[in-house]
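There are 2 protein chains.
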Amino acid sequence: MAELSSASGVPVATIKYYLREGLLPPGERTSPNQARYGEEHVRRLKMVRALLDVGGLSIAGVREVLAAIDDRTSTHSVLGIAQHGLPAPKPRVDDESRAWAMSLIEKIGEERGWDVKSDDVVVESLVGTLCVYAELNRTDLLARISDYAELAEGLAEVDLGMLSALPTTESIVEGAVIGTVLGDALFTALRRLGHQNASARRFRR
Amino acid sequence: MAELSSASGVPVATIKYYLREGLLPPGERTSPNQARYGEEHVRRLKMVRALLDVGGLSIAGVREVLAAIDDRTSTHSVLGIAQHGLPAPKPRVDDESRAWAMSLIEKIGEERGWDVKSDDVVVESLVGTLCVYAELNRTDLLARISDYAELAEGLAEVDLGMLSALPTTESIVEGAVIGTVLGDALFTALRRLGHQNASARRFRR
DNA sequence: TCAATATGGATAGTGACTCTATCCGCTATG
DNA sequence: CATAGCGGATAGAGTCACTATCCATATTGA
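Protein sequences, first through last, are from chains A and B. Those letters in the first sequence? Residues 33 to 237, by my numbering. Those letters in the second sequence? Residues 33 to 237, by my numbering.
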C-alpha cells in the first residue's frame with residue numbers, strides 16, 4: 033500500500049479512506065493482512081484525484097461516476113454518465129420564470145433541431161441558470177444565446193467525433209467521462225485565454 | 033432587515049453572516065440600532081447567491097469578485113475579474129510534463145495568434161489540466177484541441193461583442209462577471225444538450 | 001530466532017467552511 | 001410604558017475531506 037501511495041502521490045491514510053468509501057476496489061489478498069495492488073489501482077487512484085481536483089466533484093459524485101463507468105451496459109448515453117456526479121445547482125424557481133426559461137430553451141431547440149425533454153436533468157439545470165439571469169435582471173446578457181448554442185453544438189460534435197474514433201468500448205466510456213469532466217476545465221481555460229486575447233485586440237491595450 | 037430577507041429569500045441570520053463577511057455593505061443607519069436597506073442591497077444579495085449557488089464560488093471568492101467589481105479602475109481586463117474568485121485546481125506537476133503542456137499551449141497560441149504569457153493564472157490552470165490528461169495517459173483525447181481552441185475563440189468573441197454593446201461601464205463590469213460565472217454554467221449545460229442530441233443523431237438511438 | 005518494522009482495518013479526531021441559534025441591550029411603535 | 005423587533009456579538013451545528021491513532025497480525029533483517 034505504501035507502494036501504491038508513492039506511485040500515486042496520495043497519502044496512505046487517504047487511500048484507506050477511498051477504500052472505505054468504495055472509490056477504490058480492495059487489493060488482491062495475499063494473506064490475512066496483506067494485499068497486492070496493481071497498475072489498475074494506480075490508474076484508478078489517479079482518476080479519482082482528477083475527478084476530485086480538476087472536476088470539482090464530491091466523493092459521492094466520484095463514486096457515482098466510477099460506478100457508471102464500471103457497469104457500462106451500453107455505449108449510448110455514455111456522455112450522460114459524468115453528469116451523474118456533477119454538482120447541479122438548483123435555485124428555487126417560480127412557475128412564471130420557469131415557463132419563460134422553458135420557452136427560451138425550446139426556441140433554441142427548434143433553431144438547432146434539438147429534441148428537448150423538459151424533465152431532463154440538463155434542461156433542469158439550464159432552467160435554473162436562466163432563471164438566475166432573470167433574477168438579476170440581466171436577460172440582456174442572453175441576447176446571443178443562439179450563438180452560444182451553435183458553438184456548443186460544434187463543441188459537442190468535436191467531442192463525439194473524437195470519442196467515436198476510439199478503438200475499444202472501454203476507452204470510449206472512460207474517454208467520455210474524462211472528456212466531460214476534464215474537458216470542461218480545458219475548454220473553460222481556453223475560453224479565458226480567448227477573452228484575454230479578444231479583449232487585448234479589441235481595446236488595443 | 034426582515035424586509036430584505038423576505039425580498040431576497042435569504043434568512044436573516046445568513047444576511048448577518050454575509051454582512052460580517054463583507055459580502056454586503058452595511059445598511060444606511062437611521063439610528064444606533066436601526067438600518068435601512070435599499071434596492072441595491074437586494075440586488076447585491078441576489079448576486080451573492082448567484083455566485084455561490086450557480087458559480088460555485090466560495091465566500092472568499094465572492095468577496096474577491098465583488099471587491100473587483102467595486103473598485104473597477106478600468107474597463108480593460110474586466111473579463112479577468114471573475115477569475116479571481118474561481119476555484120483554481122492546482123495539481124502538482126513535474127517539470128517535464130509542464131514543458132510538454134507549455135509547448136502544446138504555445139502551439140495553440142501560434143495557431144490562433146494568441147499572446148500567451150507563461151506566468152498567467154489561466155495558463156497555469158491550463159497546464160495543470162493538460163498534465164492531468166497526461167497523467168491519465170489520455171493525451172489521445174487532446175487530438176482535437178485545436179478545434180476546442182477555435183470554438184473557444186468564437187465564444188470569447190461572442191462574449192466580448194455582447195459586453196461592448198452594453199451602455200454603461202457599470203453594466204459592462206457586472207456583465208463581465210455574470211457572463212463569466214453564469215456563462216460557464218450556461219454554456220456547459222448547452223454543451224450537454226448538444227451531446228445528447230449529437231449522440232442520438234449519431235447512434236440513431 | 002526474535003526484535004523491529006510494516007500492514008490492513010477500525011475508530012475517532014481535525015480543520016475548513018457555511019451557515020444557524022441564542023443572547024443582549026437598545027429603540028421605535030402602539 | 002410594555003412589547004416587539006432591531007443590529008451586533010458569540011457560540012454552536014452540520015458537512016466534508018481527510019488525518020492520526022491504535023491494534024493485532026505478518027513480514028523482514030540481523
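For each residue, glycine too, the CB sits at the ideal point set by N, CA and C. As the structure is a computational prediction, the values presented were derived from the model and not from experiment.
Using only alpha-carbon positions, find the residue among A:141, A:175 and A:37 that is nearest to residue 75 of chain A.
Checking every option, the nearest Cα to that of residue 75 of chain A belongs to A:37.
Based on the DSSP output, what are the partners of residue 66 of chain A in its beta bridges?
BP columns for residue 66 of chain A point to A:63.
Residue-chain proximity (residue 202 of chain A, chain B), Cβ-Cβ < 8 angstroms:
No, residue 202 of chain A does not count as interfacial toward chain B.
Less than 8 angstroms between the CB atoms is what I'm expecting for residue 68 of chain B and residue 59 of chain B, so what's the real figure, rounded?
Yes, residue 68 of chain B and residue 59 of chain B are in contact; Cβ-Cβ is about 5 angstroms, under 8 angstroms.
Whole angstroms is fine: what's the gap from residue 181 of chain B's alpha carbon to residue 141 of chain A's?
Each residue's CA atom was taken as its position, placing residue 181 of chain B and residue 141 of chain A some 25 angstroms apart.
For residue 127 of chain A, which option in A:186, A:208, A:159 and A:87 has the closest C-alpha, if you only look at C-alpha atoms?
When only C-alpha atoms are compared, the closest one is A:159.
Closer than 9 angstroms at the beta carbon, the chain A residues around residue 93 of chain B
Close to residue 93 of chain B, with beta-carbon spacing below 9 angstroms, lies no residue of chain A; the smallest spacing is near 13 angstroms.
Assuming residue 134 of chain B is part of the alpha helix (DSSP H), what are its boundary residues?
127-144 is the extent of the alpha helix (DSSP H) around residue 134 of chain B.
Can you list, in chain order, the residues of its chain whose CB lies under 6 angstroms from that of residue 70 of chain A, leaving out five sequence neighbours each side?
Hits under 6 angstroms: none found.
Please look up how many angstroms separate the CB atoms of residue 164 of chain B and residue 123 of chain B, rounded, as I've assumed it's under 8 angstroms.
With 8 angstroms as the limit, residue 164 of chain B and residue 123 of chain B qualify as a contact, their Cβ atoms being about 6 angstroms apart.
Say whether the segment 92-102 of chain B touches the segment 182-194 of chain B, bearing in mind that this needs 3 or more beta-carbon pairs closer than 8 angstroms, one atom from each stretch.
No: the two stretches stay apart, fewer than three of their Cβ pairs being nearer than 8 angstroms.
Contact between the segment 195-205 of chain A and the segment 130-146 of chain B: three or more CB pairs below 8 angstroms?
Flag = no, the segment 195-205 of chain A and the segment 130-146 of chain B do not touch.
Here's the rule I'm using: 16 or more other beta-carbon atoms within 10 Å means buried, otherwise exposed. How should residue 44 of chain A be labelled?
Exposed, by the Cβ-count rule.
Backbone CA spacing between residue 218 of chain B and residue 232 of chain B [nearest angstrom]
About 21 angstroms.
Rounding to the nearest angstrom, what Cα-Cα distance links residue 186 of chain B and residue 48 of chain B in this structure?
So the alpha carbons of these two residues sit roughly 42 angstroms apart.
Contact set between residue 223 of chain B and chain A, taken where Cβ atoms lie within less than 7 angstroms
When 7 angstroms is used as the limit between beta carbons, residue 223 of chain B is near these residues of chain A: 184, 187 and 188, in chain order.
Could you give the residue range of the alpha helix (DSSP H) that holds residue 15 of chain B?
This structure cannot settle anything about residue 15 of chain B, because the visible part of chain B is limited to 33 through 237.
Between the CA atoms of residue 183 of chain B and residue 183 of chain A - distance to the nearest angstrom:
Their Cα atoms are separated by approximately 6 angstroms.
Can you tell which of B:174, B:34, B:97 and B:56 has the C-alpha that lies nearest to the C-alpha of residue 207 of chain B?
It is B:97 whose Cα lies nearest to the Cα of residue 207 of chain B.
Of the residues A:176, A:214, A:212 and A:227, which one's Cα is nearest the Cα of residue 197 of chain B?
Of the listed residues, the one whose Cα sits closest to residue 197 of chain B is A:176.
Could you spell out the range, first to last residue, of the alpha helix (DSSP H) harbouring residue 194 of chain A?
Here the alpha helix (DSSP H) through residue 194 of chain A covers 177-196.
Express the C-alpha separation of residue 138 of chain A and residue 223 of chain A in angstroms, rounding to a whole number.
Their Cα atoms are separated by approximately 26 angstroms.
Taking residue 212 of chain A and residue 214 of chain B to be in contact with their CB atoms under 8 angstroms, please state how far apart those CB atoms are, rounded to whole angstroms.
About 20 angstroms separates the two Cβ atoms, so there is no contact after all.
Could you tell me which chain B residues have their CB closer than 8 angstroms to the CB of residue 210 of chain A, listed as they occur along the chain?
For residue 210 of chain A, the C-beta contacts it makes with chain B under 8 angstroms involve 165, 168, 170 and 173, in order along the chain.
With respect to the alpha helix (DSSP H) encompassing residue 171 of chain B, which residues constitute its N-terminal and C-terminal limits?
Careful: residue 171 of chain B lies outside any alpha helix (DSSP H) and carries neither H nor E.
Are the C-beta atoms of residue 139 of chain B and some chain A residue less than 8 angstroms apart?
It does not; no Cβ of chain A falls within 8 angstroms.
Which one of A:79, A:65 and A:66 has the shortest CA to CA distance from residue 50 of chain A?
When each option's Cα is compared against that of residue 50 of chain A, the closest is A:79.
Report the residue from B:151, B:166 and B:210 whose alpha carbon sits nearest the alpha carbon of residue 172 of chain A.
Among B:151, B:166 and B:210, the Cα nearest to that of residue 172 of chain A belongs to B:210.
Would residue 19 of chain A pass as a contact of residue 82 of chain B if the rule is Cβ separation under 8 angstroms?
In the structure displayed, chain A extends from 33 to 237; residue 19 of chain A sits before or after that span and is not available.
Residue 227 of chain B at chain A interface by Cβ criterion, 8 angstroms
Interface residue, yes.
State the CB to CB distance for the pair residue 166 of chain B and residue 132 of chain B, rounded to an integer number of angstroms; the pair is presumed to be in contact (CB under 8 angstroms).
That pair is a contact at about 7 angstroms.
Selected residue, minimal CA-CA separation from residue 65 of chain B, among B:84, B:33 and B:85
Nearest of B:84, B:33 and B:85 to residue 65 of chain B, Cα basis: B:33.
Report yes or no: is there a C-beta of chain B within less than 8 angstroms of the C-beta of residue 132 of chain A?
Judged by the 8 angstroms Cβ criterion, residue 132 of chain A is not in contact with chain B.
So, is the C-beta of residue 123 of chain B closer than 8 angstroms to a C-beta in chain A?
Closer than 8 angstroms: yes.
Just the chain A side, please: which residues come within less than 7 angstroms of residue 191 of chain B by C-beta, in chain order?
Neighbours of residue 191 of chain B on chain A, chain order: 227.
Near residue 86 of chain B, which residues of its chain fall below 6 angstroms by C-beta distance, leaving aside the five closest residues on each side in sequence?
Take residue 86 of chain B, set aside five residues on each side of it, and the residues of its chain with a beta-carbon closer than 6 angstroms to its own are 214 and 217, in chain order.
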